[in-house]
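First the structure, in the form of structure tokens, and then the observations on it.
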Amino acid sequence: MIYLTLEKRLHFSPVTRISVSLIAIAVAILVGGIFLFAVGVNPFHAYGLVIEQIFMDYWGWQDLLVKIIPFLLTGIAVALAAQMKLWNIGAEGQLYLGAVAATWVALNWGNELSIWMMIPIMILSAMVSGACWAFIPGFLKAQFGVNEIITTLLLNYVAISWVDYLLYGPWRDPGSNNFPVTREFPDSAQLPAFGNTSIHFGLIIGLMVIFLVYFILEKTEVGFKVKVIGDNIYAAKYSGFNIKWITLAIVMISGALAGIAGMAEVAGVHYRLKQNFSINYGYTGIIVAWLGRNHPIAIIFTAFFLAVVFVSGELMQLEFSLPIAMIYLFEGIILFSVLGSEIFTEYKIKIKNVVT
Amino acid sequence: MKLIKLKCFLMVVSACFCLSNVGWAKDVKVGFIYVGPVGDGGWTYAHDLGRRHLEKMGVDTKYVESVPETDAERSIRNLARKGYNLIFTTSFGYMDPTLKVAKQFPDTVFMHATGFKKSKNMGNYFARMYQARYLVGMVAGAMTKTNTIGVIGSHPIPEILRHINAIALGARSVNPNAQVKVVWVNSWFDPSKEGAAANSLMDSGADIVTITTDSAAATQAAEKRGLYSIGNDSDMSIYGKKAHLTANIYHWGVYYEHVYKQVKDGSWKPAEDWWGIETGAIDLAPFGEMVPQSVRDMVLKKKEEMVQGKFTVFQGPIKKQDGTLAAKAGQKLTDKEMLSMSYFVEGVAGTIPK
């Protein structure tokens, strides 16, 4: 008899990680292609169109680079916490709270300060706000060991309800015909765009944050400690690391980064706070981080890939009149194959020949 | 002589060129942006029936469905890029992105539903659905046994307040004891929330439910309980044969054909269209079997009066919830007053989220 068994990998090299991720993407594209074929669309034609109309097109690149911004920031937020084996499912809520703080600054001080003062203050306030929101699960985890997956997830709904309250109540724009949106931000509170495009300065912020996190993780003592705690918490305890404080700090920093994502969306795209301004960016950040195996630099690429998926969705609708369900299906396949591939980063398949 | 010949020749050439240019511009392809799936059975489905009406006329059309209001710019621009030169964006939240894309594509005509912004190549449109709401309100007022009509509120914007008020006025015109109860779901399309809201309205005594949202969930919930419902935007009777009294519906096809022809012959101008029941753009769905002939006759008579301009829905005296007058006896509300309505009339039991 021949058995397939899983054997734990003793070392997992970066090459393994990258190749597993690439295979996961390839499987998703392949399975997606089969589904496309099943509904009567030539998959080669479909994927060719994606390349032609997104990668070889002025507008296509614009759309991509706008969409990648929230993914970069929520992706790195989730990945940083995941370095310590902390699962921040609450990036969505932290993003909302970041947007709330930035909006407050924009609406209250926007007419008095110049853009050079406003943008840094908005970023800082978004970070503080996101961090404070993450403090709750962070503290509960550090002090009492409460499962952060549950607390961060549930706080998302609270955050969204907060935003609803503000939009239906004190912050509603009197000129909006009762629609739940705030006033438009003054010019000084709008993130500048590159030239004539809609790509805004958030792209630079996102990339800077990613390199900063990379630097901290790889080159500083704190980063070293974080990784040790993530790899082996007992070793970390033996070494006398202050796990409580580091846990709290990392969860809060993670929240702060997600907060910046919220600020970038309201100040760079919408110029006002409105309902559902985040189209599950916080949750998509989880996929971005997983697909990139929580490596900061890899996240740039996986965020890019997810942006392609997002943007190509309506291309499929336009070109082939595919229903929206098909696009949801495709996104599901990607998540499925990414999560399914996780096992292969830690285990390898061995073929055993057992003589009976 | 030669010069004259040359001139003539040039004139003929330029005339041909102009003609061919006009012929070229006449090739109108129509794109639609939908906020829900085409199968929502309500708002989006009604627009899609309008689109299919154009298809039947041989027009090249395309739609993008379930486009989030906060991420619509790209989808609208994609339609414009692909050469769709008449684009309908069919939800309020598309207003700002439509305006933005309209600036980038000055040769494309954009029509935005339910909004109030205009530009050189962007107009807006809506239909006076409050008229049909008044009529379904009459049906509800005549059919309710508990004197309680439940309405699921979507967003507390003037459009929705106007519609709920019209239902209340219609119901109380035939049944002065009728009350309209409102539950808000803060969403356009959320079948599970709508179903839950319908159930809580029926728990609190409503025996007829209607909606200002887009899905047929309330009709399904009423069917399950053996109570009545009134559909919205599209005929929803297939979702609950025994529950569905009637529905206030759109026939967008009439309007889309009108705009298409305008764009085609070059007479289009950025308008703010608000079509009434006399145009056929709004109507009632066929009555369910349980609606007695006397009620049908009464409602259809009122409809005829509206069509002929003899009856106005928002004509005083209209009392607000708090007892103050919104309109004195005989006074008709202006379009502007209706478009900025921010109160409930007497007979509505519910609050407007502030």
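Read top to bottom, the protein sequences are chains Z and G.
Going letter by letter, the first sequence gives residues 1264 to 1619 in our numbering.
Going letter by letter, the second sequence gives residues 1326 to 1679 in our numbering.
C-beta atoms are modelled at their ideal positions from N, C-alpha and C, and glycine is treated no differently.
Remember, predicted model here, so these are calculated numbers, not experimental data.
Query raised in the report: Does DSSP classify G:Gly1348 as helix, strand or coil?
Result: As a position in the second sequence, residue 1348 of chain G is number 23, starting the count at 1. Low per-residue confidence applies at G:Gly1348: pLDDT is 39, beneath 50, and the placement is therefore not dependable, though the value from the model is reported in the following sentence. DSSP places G:Gly1348 in helix when its eight states are reduced to three.
Report task. Identify the contact partners of G:Glu1389 in chain Z, using a Cβ-Cβ distance below 9 Å as the criterion. Result -> Here the question's residue 1389 of chain G lines up with position 64 in the second sequence. This sequence places Val at residue 1389 of chain G; Glu is not what is there. The answer, in chain order, is Glu1577, Gln1580, Leu1581, Ile1587.
Requested in this report: Say whether chain G places a C-beta atom closer than 8 Å to the C-beta of Z:Val1572.
Outcome: On the first sequence, position 309 is the one that residue 1572 of chain Z refers to. No, its Cβ sits nowhere closer than 8 Å to a Cβ of chain G.
Query - Cβ shell of Z:Ile1462 (< 8 Å), same chain only, five flanking positions each side left out - result: Start at 1 with the first residue of the first sequence, and residue 1462 of chain Z comes out as number 199. Here the set comprises Gln1325, Leu1328, Val1329, Ala1456.
Requested in this report: Using a Cβ-Cβ cut-off of less than 8 Å, list which residues of the region 1423-1442 of chain Z approach chain C; keep chain order.
Outcome: Protein chains Z and G are contained in the structure displayed, whereas chain C is not.
**Report entry** Environment of Z:Trp1434 [buried if 16+ CB atoms lie within 10 Å]
**Finding:** Mapped onto the first sequence, residue 1434 of chain Z falls at position 171. Under this definition Z:Trp1434 is a buried residue.
Query raised in the report: When DSSP labels each residue in this structure, what does G:Asn1472 get in the three-state scheme?
Result: Mapped onto the second sequence, residue 1472 of chain G falls at position 147. Here G:Asn1472 sits in coil by DSSP.
Query - Residue interval of the alpha helix (DSSP H) (run including G:Asp1681) - result: Lying before the first or after the last residue shown, residue 1681 of chain G is absent from chain G, which here runs from 1326 to 1679.
Query raised in the report: At what residue ranges does the region 1639-1675 of chain G contain a whole run of the alpha helix (DSSP H), taking only runs of 4 or more?
Result: 1660-1664
**Report entry** CB of Z:Ala1342 within 8 Å of CB of Z:Asn1557, strictly
**Finding:** Position 79 of the first sequence holds residue 1342 of chain Z. Position 294 of the first sequence holds residue 1557 of chain Z. Cβ atoms of Z:Ala1342 and Z:Asn1557: closer than 8 Å.
Report task. Go ahead and pull the three-state DSSP assignment for Z:Ser1604. Result -> Against the first sequence, residue 1604 of chain Z aligns to sequence position 341. Helix.
Requested in this report: Can you give me the Cβ contacts of Z:Gly1438 inside the same chain, cut-off strictly under 8 Å, excluding the 5 residues immediately before and after it?
Outcome: Locating residue 1438 of chain Z in the first sequence gives position 175, where the first residue counts as 1. For Z:Gly1438, where only same-chain residues beyond five positions count, the Cβ hits under 8 Å are Arg1446.
**Report entry** Complete alpha helix (DSSP H) runs within the region 1415-1483 of chain Z (minimum length 4 residues, chain order)
**Finding:** 1465-1482
Query raised in the report: What alpha helix (DSSP H) runs, 4 residues minimum, are completely inside the region 1360-1411 of chain G?
Result: 1368-1381, 1398-1406
Query raised in the report: Between Z:Tyr1359 and the rest of its own chain, which residues show a CB-CB distance below 7 Å, the 5 nearest in sequence each way excluded?
Result: Position 96 of the first sequence, counted from the first residue, corresponds to residue 1359 of chain Z. These residues qualify, in order along the chain: Ala1422, Ile1423, Val1426, Gly1525, Ser1541.
Query raised in the report: Can you give the Cα-Cα distance for G:Val1624 and G:Asp1608, rounded to whole angstroms?
Result: The sequence position of residue 1624 of chain G within the second sequence is 299, counting from 1. The sequence position of residue 1608 of chain G within the second sequence is 283, counting from 1. When rounded, the distance between both Cα atoms is 12 Å.
**Report entry** Alpha-carbon to alpha-carbon, Z:Lys1490 and Z:Tyr1610
**Finding:** Here residue 1610 of chain Z corresponds to residue number 347 of the first sequence, with the count starting at 1. Here residue 1490 of chain Z corresponds to residue number 227 of the first sequence, with the count starting at 1. If you take the alpha carbons of Z:Tyr1610 and Z:Lys1490, they lie about 20 Å apart.
Report task. Return yes when the Cβ of G:Leu1552 is within less than 8 Å of the Cβ of G:Tyr1668, no when it is not. Result -> On the second sequence, residue 1668 of chain G is found 343 positions in, with the first residue counted as 1. On the second sequence, residue 1552 of chain G is found 227 positions in, with the first residue counted as 1. No.
Requested in this report: Would you tell me roughly how many angstroms separate the C-alpha atoms of G:Asn1557 and G:Ala1496, rounded to the nearest one?
Outcome: For this step, residue 1557 of chain G is matched to residue 232 along the second sequence. For this step, residue 1496 of chain G is matched to residue 171 along the second sequence. One C-alpha to the other measures close to 16 Å.
Query raised in the report: What number of angstroms, rounded off, separates the C-alpha of Z:Trp1396 from the C-alpha of Z:Ser1282?
Result: As a working note, residue 1396 of chain Z is residue 133 in the first sequence. As a working note, residue 1282 of chain Z is residue 19 in the first sequence. One C-alpha to the other measures close to 36 Å.
Report task. Write down the C-beta distance between Z:Ala1519 and Z:Ala1394 rounded to the nearest angstrom, noting that I regard them as a contact closer than 8 Å. Result -> Translated into positions along the first sequence, residue 1519 of chain Z becomes position 256. Translated into positions along the first sequence, residue 1394 of chain Z becomes position 131. Correct: roughly 4 Å between the Cβ atoms.
Report task. Give a yes or no on whether the minimum CB-CB distance between G:Arg1487 and chain Z is below 8 Å. Result -> If you number the second sequence from 1, residue 1487 of chain G lands on position 162. No, its Cβ sits nowhere closer than 8 Å to a Cβ of chain Z.
Report task. With a 10 Å radius around its C-beta and 16 neighbouring C-beta atoms as the bar for buried, classify Z:Ser1575 as buried or exposed. Result -> Here residue 1575 of chain Z is taken as the residue at index 312 of the first sequence, counted from 1. It counts as buried.
Report task. Within the region 1556-1594 of chain G, note down every full beta strand (DSSP E) run reaching 3 residues or more, in order along the chain. Result -> 1569-1575
**Report entry** Within chain G, partners of Z:Phe1540 - CB distance below 8 Å
**Finding:** As a working mapping, residue 1540 of chain Z is identified with position 277 in the first sequence. The answer, in chain order, is Thr1395.
Query raised in the report: Do three or more CB pairs link the region 1498-1516 of chain Z to the region 1305-1325 of chain Z at distances below 8 Å?
Result: no
**Report entry** Bridge partner(s) assigned by DSSP for Z:Lys1537
**Finding:** Here residue 1537 of chain Z is taken as the residue at index 274 of the first sequence, counted from 1. DSSP lists Z:Val1444 as partners of Z:Lys1537.
**Report entry** Any non-hydrogen atom of the ligand SAH closer than 7 Å to Z:Val1391 Cβ
**Finding:** Inclusion of the ligand SAH in the displayed structure is not the case, the ligand content being empty and no account of it being possible.
Report task. Using 10 angstroms around the beta-carbon of Z:Trp1379, count the other beta-carbons present and answer buried if the total reaches 16, otherwise exposed. Result -> Residue numbering aside, residue 1379 of chain Z sits at position 116 when the first sequence is read from its first letter. Per the 10 Å Cβ criterion, exposed.
Report task. Could you name the residues of the region 1502-1516 of chain G whose beta carbon sits closer than 7 Å to any beta carbon of chain Z, in the order they occur along the chain? Result -> Asn1511
Query raised in the report: Any idea if G:Pro1501 is buried or exposed, counting beta-carbon neighbours within 10 angstroms, 16 or more meaning buried?
Result: Residue numbering aside, residue 1501 of chain G sits at position 176 when the second sequence is read from its first letter. Answer is exposed; the Cβ neighbour count stays below 16.
Query raised in the report: Any chance the region 1403-1414 of chain G sits against the region 1547-1556 of chain Z, with 3 or more Cβ pairs inside 8 Å?
Result: no
Query raised in the report: Would a C-beta distance cut-off of 8 Å place G:Phe1413 and G:Met1436 closer than the cut-off?
Result: Numbered from its first residue, the second sequence carries residue 1413 of chain G at position 88. Numbered from its first residue, the second sequence carries residue 1436 of chain G at position 111. Yes, they are a contact pair.
Requested in this report: Run down chain Z in chain order and give the residues with a C-beta less than 9 Å from the C-beta of G:Phe1430.
Outcome: Sequence index remark: in the second sequence, residue 1430 of chain G carries index 105 (1-based). Residues of chain Z passing the Cβ test: none, with the nearest at roughly 11 Å.
Report task. List the residues of chain G that Z:His1533 touches, going by C-beta distances under 8 Å, in chain order. Result -> Walking along the first sequence from the start, residue 1533 of chain Z turns up at place 270. The contacting residues are Thr1395.
Report task. Could you list which residues in chain G have their beta carbon closer than 9 Å to that of Z:Trp1322, in chain order? Result -> Here the question's residue 1322 of chain Z lines up with position 59 in the first sequence. Within chain G, the residues near Z:Trp1322 are Arg1399, Arg1402, Asn1403, Arg1406.
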